[in-house]
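Going letter by letter, the sequence shown gives residues 0 to 605 in numbering that gives the first Met the number 0. We put the CB at the ideal spot given by N, CA and C, even for glycine. Just so you know, these numbers come straight off a predicted model, no measurement behind them. Heads up, the thing below is written out as structure tokens.
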Amino acid sequence: MGIGKLAPLSLGFIIQPGGERTHYMLLPAIYIKKCLRLIGFAMLCYASGSYGSQVRVVFEGNHRDLRDNARIFVGDVEGRTADGLRRYASTAIAQVEQAIRALGYYNPVITSVVTESDDGLAELVLTVEPGEPVRIRSRNVEIEGPGGDDPEFTGQVPRQPAEGDILHHGRYTTLRQAIQNRAGRLGYFDGEFITRRLEVDPSENLADITLHYRTGERYRLGSVTFLEGHDFDPDLLNRFVTFDPDIPFHADEVAKLNRDLSNSGYFSGVDIDASPNRAEDGVIPIDIGLTPRPPRSIGAGVGFSTDVGPRVRGNWREHYTNSMGHRRGADTELSELRQNVSTWYELPLDPPMTDSLRLGAGYQRENIEDVESERLTLGQQWRHQLDTGWMQVVSIRWEGERFRIGEDERGNSSLLLPGLSYSKLQANSPLDPSRGYRLQFDVMGAHRAIISDADILHMNVLARGLYTLADNHRFLTRFNFGGVATNSFSDVPPSLRFFSGGDQSVRGYGYETLSPRDADGVAIGGRYQLVGGVEYQYEFIRNWRIAGFVDRGNAVDDVFDRLATGVGMGIRWVSPVGPLRLDIAKGLDEEFGGGWRIHFSMGPEL
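If you want it as structure tokens, here you go:
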């Protein structure tokens, strides 16, 4: 999709001493491209201390950026005699002058000397005294036309280079390109530079920037047409379009439409044509070609965690059952401690990328420590994303559970549980974010008057945060609080009681072993759960991190009961499928079953 024009070559002139003007062509685009191609190699050579070249550039003073740029421009010179290097010296000096001029140093003093060792190896040494840099005396950037009154345009113009800064041709080029790119992004496709000038006076070490850009009228987005080649209902497809026809053009709107269609799960290919060349009276029609994906898929996988041991997962998906985009699927997970199978049917709502109605059923069997349960679930969920970004889930489900706690306590429960959940995830990367947070609040309840065996109010709050400092230092925090209110705790099934300990809870303790216990020492689950933790990670090699952590928490009957503490260290590997975590933890409270434990888990950190 073309949304802009190619920039012409930059022309300018140098003011020589005495006021004479010499015209020249700026070359920042050329040498910047050269820098980008060679910077990796040059920095590698610099770090190793061996350059494999007969030309050595020495700078007086601390000018690492100038030195690196000069080495890139000079490049490698090999196989020359001493006389050959003397003849090459003028070329090398010109290359160094060009390199440091790009960074604002127009008046260097460069001397050269050729040395020859006893074994006949010759070297050309260039000694550079950069002199005073050229600084920006004035910056005149003017946006004319409708874009000049558009804060979304003018507010994104880079502040650099600013008056008083050292002249950097790359940043000047970036400034020009940013104006053009912003114009294209916002639909000012007829925009052009009326004046684009960089004036340099080397004798005074001063430079003046003048950029005068005329935007022209802003184009508008027209109606969206979905081309033939699929069987989806037009009403479903039109629900993906979140903007009205004739709004001002914005590339983000087109990109969002493309992203939503691609992520819908319905299509293997999305082709959007919103070229300004097709505009009529400033209105750009949008044509979309869609390639449906195969309607069904089957997936399987294996995993492992120290909480539940090895596990096998499988799923079946029918990505669309009809033209209205209904879907259905089935999932299963099998491990030694837990086995479950579930099935669901989903109807997309408006907008379909975030809102849906899901009907589901499932069966789960667990046998953990002294608790054994079998649970059958039937219910529905209505998912709706609020304008604030929060995901709201309104649900109602029936749960039938048969359970055993220890040898003596057995029971059956039947509960109708309406519920409400709010969650928000903010992260700068889905796989391995460097910063972000997750917040979640869940509440549900049951009443004996409505086909339930107990009066229950169940609440859970979760908060996680991640922040990275100086690229390599990562700090993670998490907090989880849960509580259940009831007039008969013995009627609350194990699935609604709280148990702590394990990979995702308090490390250094066994999975779900932190809990109030009866007279026989059987973990019976608690009314409340309080769990928190802090973790520091240091990335010592790309995608490899060491970690240190402190966890504290417990499942209790009184929020003032004593909490258990675990500390430890671990290693993290950011694999292609997500982070893998291996920890060695020490539970500090032996009366709670603390000791040395190895924890292994995988999955996102938020």
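Extent of the continuous alpha helix (DSSP H) to which residue i belongs
i	result
residue 172	168-185
residue 109	It is not in any alpha helix (DSSP H) - residue 109 instead sits in the beta strand (DSSP E) that spans 108-115.
residue 96	81-100
residue 250	250-262
residue 73	63-73
residue 152	150-153
residue 234	233-237
Own chain, CB closer than 7 Å to residue i, minus 5 neighbours either side, in chain order
i	result
residue 396	376, 377, 378, 416
residue 604	465, 475, 578
residue 81	113, 115, 121
residue 102	64, 65, 68, 167
residue 348	354, 355, 356
residue 491	453, 455, 483, 485
residue 161	135, 138
Own chain partners of residue i with C-beta closer than 6 Å, once the 5 adjacent residues on each side are dropped
i	result
residue 316	296, 328
residue 411	401
residue 479	461, 530
residue 57	126
residue 140	210
residue 94	72, 73
residue 59	128
residue 311	301, 333
residue 438	423, 462
residue 206	133, 135, 166, 199
residue 217	145, 186, 187, 247
Proximity to residue i [Cα-Cα], best of the options
i	options	result
residue 105	56, 181, 141, 203	203
residue 113	142, 403, 88, 343	88
residue 303	293, 333, 281	333
residue 287	366, 442, 441, 261	261
residue 486	455, 508, 196, 471	455
residue 238	228, 224, 248, 380	224
residue 163	178, 108, 154, 132	132
residue 342	554, 314, 124	314
residue 541	150, 562, 344, 572	572
residue 174	185, 195, 184	195
residue 370	75, 176, 523	523
residue 346	335, 363, 319, 368	319
residue 532	124, 425, 547, 525	547
residue 525	488, 537, 119, 566	488
residue 538	550, 557, 589, 468	468
residue 61	251, 352, 130, 79	130
residue 221	273, 506, 232	273
Classification of residue i by the beta-carbon crowding that lies within 10 angstroms, buried from 16 upward
i	result
residue 253	buried
residue 512	buried
residue 38	Bear in mind that the predicted position of residue 38 carries a pLDDT of just 36, short of 50, making it too unreliable to give a figure here.
residue 298	exposed
residue 300	exposed
residue 171	buried
residue 267	exposed
residue 484	exposed
residue 514	buried
residue 472	exposed
residue 365	buried
residue 256	buried
residue 564	buried
residue 498	buried
residue 428	exposed
residue 534	buried
residue 520	exposed
residue 236	buried
residue 159	exposed
residue 263	buried
residue 593	buried
residue 53	buried
residue 276	exposed
N- and C-terminal bounds of the beta strand (DSSP E) containing residue i
i	result
residue 121	121-128
residue 463	455-468
residue 553	543-555
residue 139	134-143
residue 205	205-213
Chain D within 8 Å of residue i, Cβ atoms only
i	result
residue 362	The question asks about chain D, but that chain is absent: this structure has only one protein chain.
Cβ shell of residue i (< 8 Å), same chain only, five flanking positions each side left out
i	result
residue 182	3, 146, 152, 188, 190, 212, 214
residue 305	501, 502, 510, 596, 597, 598, 599, 600
residue 193	143, 211, 212, 213
Segments of 4+ residues assigned as alpha helix (DSSP H) that fall wholly inside the segment 471-520 = none
In chain order, which beta strand (DSSP E) runs of at least 3 residues are fully inside the segment 280-363?
-> 282-291, 295-304, 308-317, 326-334, 337-347
Write down every uninterrupted run of the beta strand (DSSP E) in the segment 379-464 whose length is 3 residues or greater and which is fully enclosed by it, in chain order.
-> 390-404, 408-426, 435-445
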